[in-house]
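>
Protein chains in written order, with this note's numbering: chain A, 8 to 119; chain D, 617 to 722.
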């Protein structure tokens, strides 16, 4: 099973809402990643978890809060987002950090 | 940080044509991946290719690590090949090029 799943597929939220994005993999990978992709741009790394510990936070605003409850799950909690945060949010995993990354289908987020 | 440049930025082909996409990178890297992003946003792994040549059906890739470039070859293109092709380099973490947007016309 080389699948990374993400829910929801689409999300529309207001600037005062709190929502969460979820990512799951069952490949036994120990590194998981969140990326943000704006239209017509490449994905940009937001967070890296390695062995359930946060390794990198690429200067992401605190309105984005990651969580890794176990080795298979990765969440991204959203609070007080801005319209410019509207983007495709991609989750990925790899066996160790630095190995081949496998991407989920993404959550397309719209902030009104 | 490392710079990744892809060319051409846009490519329009007639079905059946061949093409070569290029990826240059500014420093040595541990690994390199090629992805195809379909119109729905899914990033599909094509190749994990730190060096050498690999082939998978109509697609092949070559990385010359000492000269800091990689090439993706698409032969006998089909309309389903349309989308954005990304090169991404890995040291500890992945950095993407800007992509090549491919349109294959019937």
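Even for Gly, the Cβ is constructed at its ideal location relative to N, Cα and C.
On a predicted model such as this, the values are computed, not experimentally measured, just so you know.
#1: For residue 717 of chain D, which option in D:703, D:707, D:708 and D:663 has the closest C-alpha, if you only look at C-alpha atoms?
#2: Between residue 89 of chain A and residue 656 of chain D, what straight-line distance do the alpha-carbon atoms span, to the nearest angstrom?
#3: Which residues in the same chain have their Cβ closer than 8 Å to the Cβ of residue 667 of chain D, if we skip the five residues on either side of it in sequence?
#4: At what residues does the beta strand (DSSP E) containing residue 42 of chain A begin and finish?
#5: Return helix, strand or coil for residue 626 of chain D, following the three-state DSSP convention.
#6: When we look at the beta-carbon of residue 573 of chain D and count the other beta-carbons within 10 Å, is it buried (16 or more) or exposed?
#7: Along the chain, where does the beta strand (DSSP E) containing residue 76 of chain A start, and where does it finish?
#8: Given a cut-off of 8 Å on the beta-carbon distance, is the pair residue 31 of chain A and residue 52 of chain A in contact?
#9: Taking only beta carbons into account, state which residues of the stretch 632-646 of chain D come closer than 9 Å to chain A, listed in chain order.
#10: By the three-class DSSP mapping on this structure, what secondary structure does residue 714 of chain D have?
#11: In angstroms with no decimal places, state the Cα-to-Cα distance between residue 95 of chain A and residue 12 of chain A.
#12: Give the list of continuous beta strand (DSSP E) stretches no shorter than 3 residues that lie fully inside the stretch 667-709 of chain D.
#13: Tell me the rounded alpha-carbon separation between residue 87 of chain A and residue 687 of chain D.
#14: Which value, in whole angstroms, describes the spacing of the CA atoms of residue 17 of chain A and residue 77 of chain A?
#15: Sort A:46, A:81 and A:92 by Cα distance to residue 55 of chain A and report the nearest one.
#16: Taking buried to mean at least 16 other C-beta atoms within 10 Å of its own C-beta, is residue 674 of chain D buried or exposed?
Taking the coordinates as given:
#1: Mapped onto the second chain, residue 717 of chain D falls at position 101. Taking only the C-alpha atoms, the option nearest residue 717 of chain D is D:703.
#2: Locating residue 89 of chain A in the first chain gives position 82, where the first residue counts as 1. Locating residue 656 of chain D in the second chain gives position 40, where the first residue counts as 1. Answer to the nearest angstrom: the Cα atoms are 24 Å apart.
#3: Counted from its first residue, the second chain places residue 667 of chain D at position 51. Only 679, 680 and 681 meet the Cβ criterion.
#4: As a working mapping, residue 42 of chain A is identified with position 35 in the first chain. 38-44 is the extent of the beta strand (DSSP E) around residue 42 of chain A.
#5: Residue mapping note: residue 626 of chain D aligns to position 10 of the second chain, counting from 1. Reduced to three states, the DSSP call for residue 626 of chain D is strand.
#6: Nothing can be reported for residue 573 of chain D: it is not among the residues displayed for chain D, which extend from 617 to 722.
#7: Within the first chain, numbered from 1, the residue matching residue 76 of chain A stands at position 69. Taken as a continuous stretch (DSSP letters only), the beta strand (DSSP E) holding residue 76 of chain A covers 71-77.
#8: For the purposes of this step, residue 31 of chain A is identified with residue 24 of the first chain, where counting begins at 1. For the purposes of this step, residue 52 of chain A is identified with residue 45 of the first chain, where counting begins at 1. No; because the gap between Cβ atoms is not below 8 Å, this pair is not in contact.
#9: 646
#10: Position 98 of the second chain, counting from 1, holds the residue named residue 714 of chain D. The answer is coil: DSSP assigns residue 714 of chain D none of H, G, I, E or B.
#11: As a position in the first chain, residue 95 of chain A is number 88, starting the count at 1. As a position in the first chain, residue 12 of chain A is number 5, starting the count at 1. Roughly 14 Å separates the two Cα atoms.
#12: 668-672, 675-680, 685-690 and 699-706
#13: Numbered from its first residue, the first chain carries residue 87 of chain A at position 80. Numbered from its first residue, the second chain carries residue 687 of chain D at position 71. Their Cα atoms are separated by approximately 43 Å.
#14: What you label residue 17 of chain A is simply residue 10 of the first chain in a count that begins at 1. What you label residue 77 of chain A is simply residue 70 of the first chain in a count that begins at 1. C-alpha separation (whole angstroms): 24 Å.
#15: The sequence position of residue 55 of chain A within the first chain is 48, counting from 1. It is A:81 whose Cα lies nearest to the Cα of residue 55 of chain A.
#16: Position 58 of the second chain, counted from the start, is the residue given in the question as residue 674 of chain D. By the neighbour-count rule (16 or more Cβ atoms within 10 Å), residue 674 of chain D is not buried but exposed.
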